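Inspection log for the structure reproduced underneath, given as structure tokens.
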Amino acid sequence: MLQEIEFEHPFIYINILHISTIMPELSKALQRFYPRPSPLQPLVGNFLEQYGLEVLIKRDDLIDPALSGNKWRKLHLNLLEADRLEASTLLTFGGAYSNHIYAVAAAGQGFGFQTIGMIRGEQPKTFGATLRFAESCGMVFRFLSRTDYRNKNIPTDIDMDGTYLIPEGGTNCLGVKGCASIVTEVQEQLSGEAAIDYWCTSSGTGGTAAGIINQLQGQSQVLVFSSLKGDFLQGDIEQLLQKCTYTSWTNWQLMTEYHFGGYAKFKPELIEFMDAFKKQTGIALDPVYTGKMVYGIVDLAAKGFFKKGSRILIVHTGGLQGMAGFYEQRKQNRNGNRNRN
Ligand SMILES: Cc1ncc(COP(=O)(O)O)c(C=O)c1O
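Structural data, given as structure tokens:
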């Protein structure tokens, strides 16, 4: 059984929620917050070494407890743009357990924006950990029916004047551009060392993958692990690349076999894998994105997908805030089952 991840955090960077009182001006606040390059670490443990692979992990999960992983990468240019446009409010979309909602709420509080979250589905009777945190940061919620959410219908009573719209998952062209810094940072950290053969990232909207693919400009192979069922991300990423970078690349591959039933679905074997991985490497994964990706990488290695001696880079895109909600739901399910017996 997966051990609960403790929410103690190394705080290698300044915590965003501590900024607002010190630095009211956004550009100064961003400069103050701007994280140093996140650590690039060799992956210890026998998960992939046994296949003769050298594996590095880019620890974007350590950027900040709230603005973690690809959230910082996708949001920072959007925050600057919102500031340039003199917006007072950030409005965005997400599910009740969304890492993105959590991060936008924190960014709003840290950098002095009001925030509005359009949340998919009916208002829950009690808020889970993500919504509780977002509310504590001052985010105002509007709950949208599935159809309104799908069509991104913003209620007409919301005043969009002075409001900066950030799409679901933070994936717009500024978000894609922001993710390029994952590649430039790694390249600086590796300067003089052998290049990476495979870059691996998990994918939901495709923004992170598009940023990485474009910045690599055709070098190396990029493996994009879809956390959703189906192969529509192939077209979504292609479109993002064309729209945001006017390019199209062939050195990437969408891996569609590791969704474990679909978005936010999982199976016991995934949880057991994440537990074993944490014990062996000390690195926590989440069951929605990074757990599925790393499971997929190990499975591919076992099947001989990678040439012996290959150098693999795993991008840890964060998402660990979602674990609190995951444990809560599991407890509720267990109690529900007990009460039914
Ligand atoms: C932790 C985590 N990893 C990966 C992803 C996927 O990123 P993208 O939506 O850019 O494909 C997300 C969603 O944004 C996420 O929250």
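Our numbering applies: residue 9 is where the sequence shown begins, and numbers increase by one.
From the three backbone atoms N, C-alpha and C, an ideal C-beta is built for every residue, glycine too.
Small disclaimer: the values here were computed from a predicted structure and weren't measured.
For Glu-62, the enclosing beta strand (DSSP E) stretches over residues 62–67. Runs of the alpha helix (DSSP H) lying entirely within the stretch 117–154 and spanning at least 4 residues, in chain order: 137–144. In the three-state reduction of the DSSP assignment, Ile-245 falls in the helix class, which pools H, G and I. Check the Cα spacing between Ala-310 and each of Ile-109, Phe-55 and Leu-38: the tightest is with Phe-55. The beta carbons of Gly-125 and Ile-109 sit closer together than 8 angstroms.
Assignment of Phe-314 by DSSP, reduced to helix, strand and coil, places it in the coil class. The stretch 60–68 and the stretch 140–158 do not touch, with fewer than 3 CB-CB distances between them shorter than 8 angstroms.
Bridge pairing for Gly-102: Ile-127 [DSSP]. CA-to-CA, the gap between Lys-251 and Met-331 works out to about 34 angstroms. Residue state for Met-331 is assigned as helix, using DSSP reduced to three classes.
In terms of Cβ geometry, Met-263 and Phe-285 do not form a close pair [threshold 8 angstroms].
In this model, Tyr-297 and Gly-177 are separated by some 13 angstroms (Cα to Cα). Between the C-alpha atoms of Met-282 and Asp-165 there is a straight-line separation of about 44 angstroms.
Per the coordinates, the alpha-carbon of Lys-287 lies some 11 angstroms from the alpha-carbon of Leu-293.
For His-324, the enclosing beta strand (DSSP E) stretches over residues 319–324. With 16 or more other Cβ atoms from the protein chains shown falling within 10 Å of its own Cβ, Pro-73 counts as buried.
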